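Participant: All residue numbers for the sequence shown refer to our numbering, where the first residue is 142 and numbers rise by one. Beta carbons are placed, not taken as given, at the ideal position from N, Cα and C, and that holds for glycine. Small disclaimer: the values here were computed from a predicted structure and weren't measured.
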Amino acid sequence: MDTFAAQLPAIDASDDKVVTTTNSVIMLDGASAFVPVPIPPAVYAHELAATLQRQLAHVPGGDLKELLAEAIREVATQLDLRPGRSPSSTVTILREHDGWLDILLLGDNLVVLPEITITDTRLSRLDLAPSKRYRQRLANGCGFDETHRALLHQLQTQQAARRNRPDGYWIAEAEPAAAQSAVVSRFRTATVPWVGLATDGAYKPMQHLRLDDWPQLASADANTLRQILRRCEDWEAQDDPAGTKLPRAKRHDDKSIAMVRFA
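Structure representation (structure tokens):
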């Protein structure tokens, strides 16, 4: 498998983390913290990505849910984190092994194959009132003001009360059991010529700007992917600085995209 990836900003300055092994791609999106957490989301996402990378290099064919659960447990212990009061992150793992392509998703990253698109919609399906209100205010031209930030604080407080619960949603945080509720898919590698992966900071503006022609992106190199992310960022800054056209939590979210091609 050949992997081409781009991030904006670069990985060291981003809450997004994209790492690889010889047969896998791991993509994380640390959730922006509008409610205080004990460590920055970028630190949590970095440690979780590094732990998963080490595990998959050591056990390339291991059960992905079990590997993720152990990684969450290890990072929570290392960073002294407690469920409900910790940073969180989406997790996507794409792993090719023994003729099979395994995909794990926890959270709203996007995975695109030629015939299917996979994501985890459980958080968005909560449809909480602060989310609807902040988006409507942005559409009305109120911008990213103090009320907007207060609504995001309310939203994350309500989300935290529903985090890693059967009637809520599941995400990587400090509860290893969340891994058992990940969305998993399996395909014969021979039937999949390419796969695209993206965090929401990338794919949402790409969709809005119609830059998400995934069959065309399948042949893109890292520089082309980087140019697409830059076009999204420039559009946010120049054409939609107040979030009226594409309501979102902040003007610029971190952006990551990867294309994986199979011989």
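What are the start and end residues of each continuous beta strand (DSSP E) run of 3 or more residues lying completely inside the stretch 242-293, in chain order?
Facilitator: Entirely contained in the stretch 242-293, the beta strand (DSSP E) runs reaching 3 residues are, in chain order, 251-254 and 257-260.
Participant: To the nearest angstrom, how far is it from the Cα of Ser272 to the Cα of Pro388?
Facilitator: Whole-angstrom Cα-Cα distance: 10 Å.
Participant: So Trp311 is in the alpha helix (DSSP H); what residue range does that whole segment cover?
Facilitator: That residue, Trp311, is in no alpha helix (DSSP H); it is neither H nor E in DSSP.
Participant: From what residue to what residue does the beta strand (DSSP E) around Ala146 run?
Facilitator: Start and end: Asp143 to Leu149.
Participant: Grab me the residues of Val253's own chain with a C-beta within less than 6 Å of its C-beta, minus the 5 sequence neighbours each way, in chain order.
Facilitator: Within the same chain, Val253 has close Cβ partners Gly337 and Trp355.
Participant: On the CB-based measure, 16 or more other CB atoms within 10 Å of its CB, does Pro346 come out buried or exposed?
Facilitator: Burial call: buried.
Participant: Just the Cα atoms here: how many angstroms apart are Gln148 and Val232?
Facilitator: Cα to Cα, the separation comes out at about 16 Å.
Participant: Checking 8 Å against the spacing of the C-beta atoms, do Val178 and His294 come in under that value?
Facilitator: In this structure, His294 does not lie closer than 8 Å to Val178 by Cβ.
Participant: Smallest Cα separation from Lys391: which of Glu374, Val401 and Ile398?
Facilitator: The residue with the shortest Cα to Cα distance from Lys391 is Glu374.
Participant: Here's the rule: buried if 16 or more other CB atoms are within 10 angstroms of the residue's CB, otherwise exposed. What is Ile244?
Facilitator: Buried.
Participant: What residues are listed by DSSP as bridge partners for Glu237?
Facilitator: In DSSP, Glu237 forms a bridge with Leu242.
Participant: For Ala183 and Ala191, what's the separation of their Cα atoms in angstroms?
Facilitator: The straight-line gap from Cα to Cα measures roughly 12 Å.
Participant: With a threshold of 6 Å on Cβ separation, who are the neighbours of Gly284 within its own chain once the five nearest residues in sequence on each side are excluded?
Facilitator: These residues qualify, in order along the chain: Ala383.
Participant: Closest by CA to Asp261, which one among His199, Val160, Phe328 and Ala320?
Facilitator: Of His199, Val160, Phe328 and Ala320, the residue nearest in Cα terms is Ala320.
Participant: Alpha carbon to alpha carbon, how far is His349 from Gly342?
Facilitator: Cα-Cα distance, rounded: 12 Å.
Participant: If we call anything under 8 Å between Cβ atoms a contact, is Thr385 one with Ala280?
Facilitator: Cβ distance < 8 Å, so Thr385 and Ala280 count as in contact.
Participant: Compute the beta-carbon to beta-carbon distance between Phe403 and Val333, rounded to the nearest angstrom, for a pair I have assumed lies under 8 Å.
Facilitator: Right, the Cβ-Cβ distance comes to about 6 Å (below 8 Å), so this counts as a contact.
Participant: Tell me whether Val184 sits in a helix, a strand or coil according to DSSP, three-state version.
Facilitator: Of the three classes helix, strand and coil, the one that applies to Val184 here is helix, per DSSP.
Participant: Using the beta-carbon count (16 or more within 10 Å), is Ser227 buried or exposed?
Facilitator: It is buried - the Cβ of Ser227 has at least 16 other Cβ atoms within 10 Å.
Participant: Give me the DSSP bridge partner(s) of Phe328.
Facilitator: According to DSSP, Phe328 bridges with Leu242.
Participant: When the Cα atoms are used, what is the spatial distance from His289 to Gln219?
Facilitator: Those two C-alpha atoms are separated by around 34 Å.
Participant: Would you grab the beta carbon distance between Gly171 and Asp156 for me? Rounded to a whole angstrom, and I think it's under 8 Å.
Facilitator: The Cβ separation is near 4 Å, so the contact holds.
Participant: I think Pro181 touches Ala315, with their Cβ atoms under 8 Å apart; what is that distance to the nearest whole Å?
Facilitator: That pair is no contact at about 15 Å.
Participant: Specify, as a first and last residue, the run of the beta strand (DSSP E) that Ala319 falls within.
Facilitator: Segment: none, Ala319 is in no beta strand (DSSP E) and carries neither H nor E.
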